[in-house]
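Report on one structure; see the data block that follows.
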Amino acid sequence: MSDETSAGGDAGAGNPAGERHHPAQAVSARGRATRARLLEGARAEILGGDGSLEVAAVARRAEVSAGLLYRYFDGKDGLVAAVVDDFYDGYDSEVFNVI
Numbered sequence: 001m002s003d004e005t006s007a008g009g010d011a012g013a014g015n016p017a018g019e020r021h022h023p024a025q026a027v028s029a030r031g032r033a034t035r036a037r038l039l040e041g042a043r044a045e046i047l048g049g050d051g052s053l054e055v056a057a058v059a060r061r062a063e064v065s066a067g068l069l070y071r072y073f074d075g076k077d078g079l080v081a082a083v084v085d086d087f088y089d090g091y092d093s094e095v096f097n098v099i
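Just so you know, the sequence shown maps onto residues 1 to 99 in full-length UniProt numbering.
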């Protein structure tokens, strides 16, 4: 496993049938930067696109392989949820700085 992520659930051998894979969290600076590029790519696709979100397009924007996205997010739903969470984290931060 690379230094970009910590150990997460592995969908491979040794896991009981039906156990869901959970993407690992980025722990290195490189991993955090990759995750940030993926989030920015998804954000750009959502804002500038036609309402659809393609993993391949996000990966191209982030300059990574489409498969790498799944190391950081649990598919498109997980990616969109992370974009929304990131938005609200920034929003909350701005609101609390004003108060």
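Built from N, CA and C at the ideal position, the CB exists for glycine as well. All of these numbers come straight from a predicted model, not from anything done at the bench.
What are the boundary residues of the alpha helix (DSSP H) that includes residue i?
{"i": "residue 63", "result": "Run containing residue 63: none; DSSP gives neither H nor E here."}
Is the beta carbon of residue i sitting closer than 7 Å to the one on residue j?
{"i": "residue 45", "j": "residue 58", "result": "yes"}
{"i": "residue 39", "j": "residue 85", "result": "no"}
{"i": "residue 73", "j": "residue 82", "result": "yes"}
Residue i to residue j, Cα distance in whole Å?
{"i": "residue 63", "j": "residue 54", "result": "14 Å"}
{"i": "residue 51", "j": "residue 29", "result": "31 Å"}
{"i": "residue 47", "j": "residue 41", "result": "10 Å"}
{"i": "residue 43", "j": "residue 35", "result": "12 Å"}
{"i": "residue 88", "j": "residue 61", "result": "22 Å"}
{"i": "residue 10", "j": "residue 90", "result": "For residue 10, the pLDDT reaches just 39, beneath the cut-off of 50, and the residue's location in the model is therefore unreliable, although a value from the coordinates is still provided. Those two C-alpha atoms are separated by around 31 Å."}
{"i": "residue 76", "j": "residue 33", "result": "19 Å"}
{"i": "residue 49", "j": "residue 56", "result": "13 Å"}
So, under 8 Å CB-CB, residue i and residue j are touching, yes? Tell me the CB distance rounded to an integer number of Å.
{"i": "residue 68", "j": "residue 79", "result": "Their Cβ separation, rounded to whole angstroms, is 12 Å, which puts residue 68 and residue 79 out of contact at 8 Å."}
- Task: Write down every uninterrupted run of the alpha helix (DSSP H) in the UniProt domain "HTH tetR-type" (32 to 91) whose length is 4 residues or greater and which is fully enclosed by it, in chain order.
- Result: Taking only runs of at least 4 residues, the alpha helix (DSSP H) segments lying wholly in the UniProt domain "HTH tetR-type" (32 to 91) are 55 to 62, 66 to 72.
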